[in-house]
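Report on one structure; see the data block that follows.
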Amino acid sequence: MGVCGSFRNLTDVSFYNCTLGDDGNDPANLTCVYDYAGRNQSENLVEMTWVVTEPNGDGKQRISEFTWFRSAATTHTDEIGGKSFSMTSVRVRNTEDSPSDGGLAPPTEMLQSNWYLCQQTYEEAVIDSGTLLPGKVSSEPLVPVRNRTIPASKTGYLYDENIITYRADSTGLEYTTVAFPLDRIYKFLTKALENRFGLYGNASYVDSGNNDILALGYYLNITDLKSMTDDLAGGLSAQMRGKSPGDNKNLTMFGGDAFAVQTYIRVRWQWMMLPLVEVVLAALLLAATIFETRAGPLLKSSVTAFFLHGLDGWDAADVRAGSLETTDDLDRRSRAMIAAFAEDEDGWLRFAKHSRHIVC
Numbered sequence: 028m029g030v031c032g033s034f035r036n037l038t039d040v041s042f043y044n045c046t047l048g049d050d051g052n053d054p055a056n057l058t059c060v061y062d063y064a065g066r067n068q069s070e071n072l073v074e075m076t077w078v079v080t081e082p083n084g085d086g087k088q089r090i091s092e093f094t095w096f097r098s099a100a101t102t103h104t105d106e107i108g109g110k111s112f113s114m115t116s117v118r119v120r121n122t123e124d125s126p127s128d129g130g131l132a133p134p135t136e137m138l139q140s141n142w143y144l145c146q147q148t149y150e151e152a153v154i155d156s157g158t159l160l161p162g163k164v165s166s167e168p169l170v171p172v173r174n175r176t177i178p179a180s181k182t183g184y185l186y187d188e189n190i191i192t193y194r195a196d197s198t199g200l201e202y203t204t205v206a207f208p209l210d211r212i213y214k215f216l217t218k219a220l221e222n223r224f225g226l227y228g229n230a231s232y233v234d235s236g237n238n239d240i241l242a243l244g245y246y247l248n249i250t251d252l253k254s255m256t257d258d259l260a261g262g263l264s265a266q267m268r269g270k271s272p273g274d275n276k277n278l279t280m281f282g283g284d285a286f287a288v289q290t291y292i293r294v295r296w297q298w299m300m301l302p303l304v305e306v307v308l309a310a311l312l313l314a315a316t317i318f319e320t321r322a323g324p325l326l327k328s329s330v331t332a333f334f335l336h337g338l339d340g341w342d343a344a345d346v347r348a349g350s351l352e353t354t355d356d357l358d359r360r361s362r363a364m365i366a367a368f369a370e371d372e373d374g375w376l377r378f379a380k381h382s383r384h385i386v387c
């Protein structure tokens, strides 16, 4: 289980609504609210504000304080209490381009990044000098299955723990985690990624978001947001799978058993009694047969001689006892069959039909 990221360019389906301050003062604020077709109602809208003035008093307005980038973050909650996260951003493409609608708002592009829990499968993985080279990586979103609550009285924490379970449809594997860490992670990302970047007062003042030391607003404005989406997903996955001690001081490892899907054969040993009993009974039957026939002329009184030497000189009509072949009929017919040993062309002894009564 890990965190996957997806990226969409919403520029072609985006639209906005702008309002200009009508208090008669110069300068005035131009505020535009950006939206897009098919937006989930839980998604936060993105708002951009510029300062508009008439520098020459001739009625021609221009933007004097410029906003380049603005983003809005949203944490989504699914039906079992699990979390996913998205960032929708608007940034100005080129201040020299004319607004497409003839208004004051400059041309912009609208982009969206999403992060969610997923199953990641690594193929052709190779370990080189202690480093895992994953090879091919495939992923699929996890489907929420169920949740259960452990009361605080049993966990020792201040709050109840919400245990959530997800499933990967392709494999049927289930993954269980605690909802609280995901909620905390996405709250932190909201503070980091819900940002802005602008130049105000003829570039004498730079607004780079809610932490100017890191200049995240400036970074988000100039960076490739698609690559950033994938990189952040990889970083979150690494934090989830990390070992202690590591770079995640909040990570605690617990010893336990690792489970995996294995194919096995289950043997019900009691069924071995059936063939064992059959073998024992067959051995007893053989012993009883040997004991009963130990003093008898086996060659004459059994079918062993017939199977060993064969029978020549009779056709089917000669040996037919009647329509109903009873023991008496077969015995009477056999008494009329006189045979003697004779060698065949290969030198083997065969029972051959003989015209005289010969006692064998």
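To convert, count from 1 in the sequence shown and add 27; that's this note's numbering.
For every residue, glycine included, the Cβ atom is placed at its ideal position computed from N, Cα and C.
Item	Value
Exposure of V288, with buried meaning 16 or more beta-carbon neighbours within 10 Å	exposed
Same chain, Cβ closer than 6 angstroms to S33, five either side skipped, listed in chain order	N141
Length of the line joining the Cα atoms of L247 and C59	20 angstroms
For T217 and A100, believed in contact at Cβ under 8 angstroms, the rounded distance	4 angstroms
CA nearest to the CA of I212, picked from A260, D356 and I177	A260
R66 versus A152 - alpha carbon distance	39 angstroms
Residue environment, D284, which counts as buried when at least 16 other CB atoms sit within 10 Å	exposed
Sequence-distant residues of the same chain with beta carbon closer than 6 angstroms to D371, five excluded per side	R377
Coarse secondary structure for N67, derived from DSSP in three states	coil
Distance between S98 and E74 (C-alpha atoms, nearest Å)	8 angstroms
C-alpha gap between A314 and T353, whole angstroms	29 angstroms
Beta-carbon proximity list for V30, same chain, < 6 angstroms, skipping 5 on both sides	W142, A260, L263 and S264
W341 versus A379 - alpha carbon distance	9 angstroms
Cα-Cα separation between Y43 and Y63, rounded to whole angstroms	8 angstroms
Where R321 sits in the DSSP three-state scheme	coil
For Q297: DSSP bridge partner residues	None, per the DSSP bridge assignment.
Cβ neighbour criterion (16 or more within 10 Å) applied to N36	exposed
Beta carbon of T397 nearer than 9 angstroms to that of V164	For residue 397 there is no data in the structure shown, the boundaries of the chain being 28 and 387.
Nearest neighbour of M267, chosen from L308, F96 and Y202 [CA to CA]	Y202
Strand pairing of Y143, partner residues [DSSP]	C31
Three-way DSSP call (helix, strand, coil) for T38 in this model	helix
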